[in-house]
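A.B. asks:
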Amino acid sequence: MFAGIILLLSIGVHESPRFLASKGKKEEAAATMSKIRNLPEDHPYVQTEMLDIFEQVEREKEATLGLGWIGPLKELFMTPSNRCRIMLGLMSQLLAQWSGANSITIYAPTFFAMLGTTGQSEKLFATAIFGVVKLVASLVCALFLVDMLGRKRALTYGIILQFLSMLYVAIYLAVVPEITEHFKPMGNAKRAGTAAIVAIYISGVGWALGWNSIQYLINAEIFPLRVRALGSSMVMCFHFANQYGNSKAVPSMLLETAMKPQGAFFFFAAVTLLGLVWMWFFLPETAGKSLEAMDEMFNLPWYVIGRKGAALTAGAGHAENYMRDDVDKVIQREVSHEEQVTSSEK
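Residue numbers (mature numbering (1 follows the signal peptide of the UniProt record, and there is no 0)): -15 to -1, 1 to 331.
#1: Within the continuous alpha helix (DSSP H) that includes residue 88, where are the two ends?
#2: Please state whether DSSP places residue 242 in a helix, a strand or coil.
#3: With a floor of 3 residues, list each beta strand (DSSP E) that falls wholly inside the stretch 133 to 183, ordered by position along the chain.
#4: With a 10 Å radius around its C-beta and 16 neighbouring C-beta atoms as the bar for buried, classify residue -11 as buried or exposed.
#5: Less than 8 angstroms between the CB atoms is what I'm expecting for residue 265 and residue 86, so what's the real figure, rounded?
#6: Work out the CA separation of residue 171 and residue 76 for me, nearest whole Å.
#7: Determine the DSSP secondary structure at residue 27, reduced to helix, strand or coil.
#8: Taking the alpha-carbon of residue 147 as reference, which of 254, 299, 296 and 220 has the nearest alpha-carbon?
#9: Please state if the CB of residue 143 and the CB of residue 83 are separated by a distance shorter than 8 angstroms.
#10: Looking at the structure shown, is residue -1 part of a helix, part of a strand, or coil, going by DSSP?
#11: Is residue 326 helix, strand or coil by DSSP?
#12: What residue from -5, 158 and 198 has the CA that sits closest to residue 244's CA?
#13: On the three-pair Cβ rule with 8 angstroms, is the stretch 15 to 29 touching the stretch 57 to 70?
#14: Which complete alpha helix (DSSP H) runs does the stretch 181 to 211 hold, if anything under 4 residues is left out?
#15: Using a Cβ-based criterion (distance less than 7 angstroms to any ligand heavy atom), does residue 55 qualify as near the ligand NAP?
#16: Do residue 226 and residue 333 count as a contact pair if the criterion is CB distance below 8 angstroms?
#17: Using the C-alpha atoms, what's the distance from residue 19 back to residue -7?
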């Protein structure tokens, strides 16, 4: 059913202006950009954004001229800036998948049973509520919060929620004896179990705000057009490989002879904390960045990109300059571009 809905909704989807420009369809690209921005084609913002795109496409064509099919592969791994991009894409998938969110979704009835939910119908009902919480949270975060907060801030808040939730569940499982036919939690222990179930729901909200949104956005935003298909494909292959490995590993992690349930949740909490540290130092803010600004940012030293990359490349690109009311800078770069084109024609 969902596949059918996606198919129907895709009928009215336009090709991206950047793709159309790369195929030489400049008028169609401008018309599409006008529809996306809900502005006339001759509006200054549309014009400056299209100028950014045309310049980028021309640079990409010059860089890959005569390289054939192996060109994108060599560029992805031989160019330092692209190696940094692929590292960010792969690490975001690794940390996201091993943060435990998908494991909780897959084995939700088992986890809810550990926290005091008895009876098959009660476990399934708790699982259904968890699914609804994640669905609603994902829609709200994707449509509103991620763009409003920015990528890094949304991921920071999401990881913190997820970390605190995982840590609480781990401590609960470590302190409260295992629930069996001979032991049912009562009083404070029962209330702590209810809070642990709520923590599972909160972890779903944190996942929706953090890794579930950002791992896909980062993959779509950081790669230049000429290696985007290859880079994104590799990152998504790594995504599903880790998802599969995680789903197979968790049942063994829960065994008494292995990490035990509390150990598994301590592991998930540690991974989320590691993800927070990694994100803080290495992941740049990509919201509102044109591909031109992205190129400038990834040409910075690798240890600068995550902490200062967005600030150091503020104003890169004609459209971003326009949004900052830096009209003189836009005009200056337009004149410089025209002079370069004229000199190359001579």
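Even for Gly, the Cβ is constructed at its ideal location relative to N, Cα and C. Here the structure is a predicted model, which is why all the values come from computation and not from measurement.
C.D. replies: Quick answer:
#1: Working through the sequence shown from its first residue, we reach residue 88 at position 103. 86 to 91 is the extent of the alpha helix (DSSP H) around residue 88.
#2: For this step, residue 242 is matched to residue 257 along the sequence shown. Correct three-state label for residue 242: coil.
#3: If we require 3 residues or more, the stretch 133 to 183 turns out to have no beta strand (DSSP E) run fully inside it.
#4: Counting from 1 along the sequence shown, the entry for residue -11 is found at position 5. Residue -11 comes out exposed.
#5: Your numbering for residue 265 matches position 280 in the sequence shown. Your numbering for residue 86 matches position 101 in the sequence shown. About 20 angstroms separates the two Cβ atoms, so there is no contact after all.
#6: As a working mapping, residue 76 is identified with position 91 in the sequence shown. As a working mapping, residue 171 is identified with position 186 in the sequence shown. Straight-line Cα distance between these residues: approximately 43 angstroms.
#7: Numbered from 1 along the sequence shown, position 42 holds the residue referred to as residue 27. Coil at residue 27, not helix or strand.
#8: Against the sequence shown, residue 147 aligns to sequence position 162. Here the closest residue by C-alpha is 254.
#9: Position 98 of the sequence shown, counted from the first residue, corresponds to residue 83. Position 158 of the sequence shown, counted from the first residue, corresponds to residue 143. No. Outside cutoff.
#10: Numbered from 1 along the sequence shown, position 15 holds the residue referred to as residue -1. Three-state result, residue -1: coil.
#11: Locating residue 326 in the sequence shown gives position 341, counting from the first residue. Annotation note: pLDDT 47 at residue 326 (below 50); position unreliable, coordinate value reported separately. Helix.
#12: Locating residue 244 in the sequence shown gives position 259, where the first residue counts as 1. Nearest C-alpha to residue 244: 158.
#13: They do not touch, by the three-pair rule.
#14: Within the stretch 181 to 211, the runs of alpha helix (DSSP H) at least 4 residues long that lie entirely inside it are, in chain order, 196 to 206.
#15: Judged by which ligands are present, the structure shown has none, so any question about the ligand NAP falls away.
#16: A question about residue 333 goes unanswered here, because the residues of the chain that appear run from -15 up to 331.
#17: As a first step, residue -7 must be located in the sequence shown, where it is residue number 9. As a first step, residue 19 must be located in the sequence shown, where it is residue number 34. Residue -7 and residue 19: Cα-Cα distance of roughly 20 angstroms.
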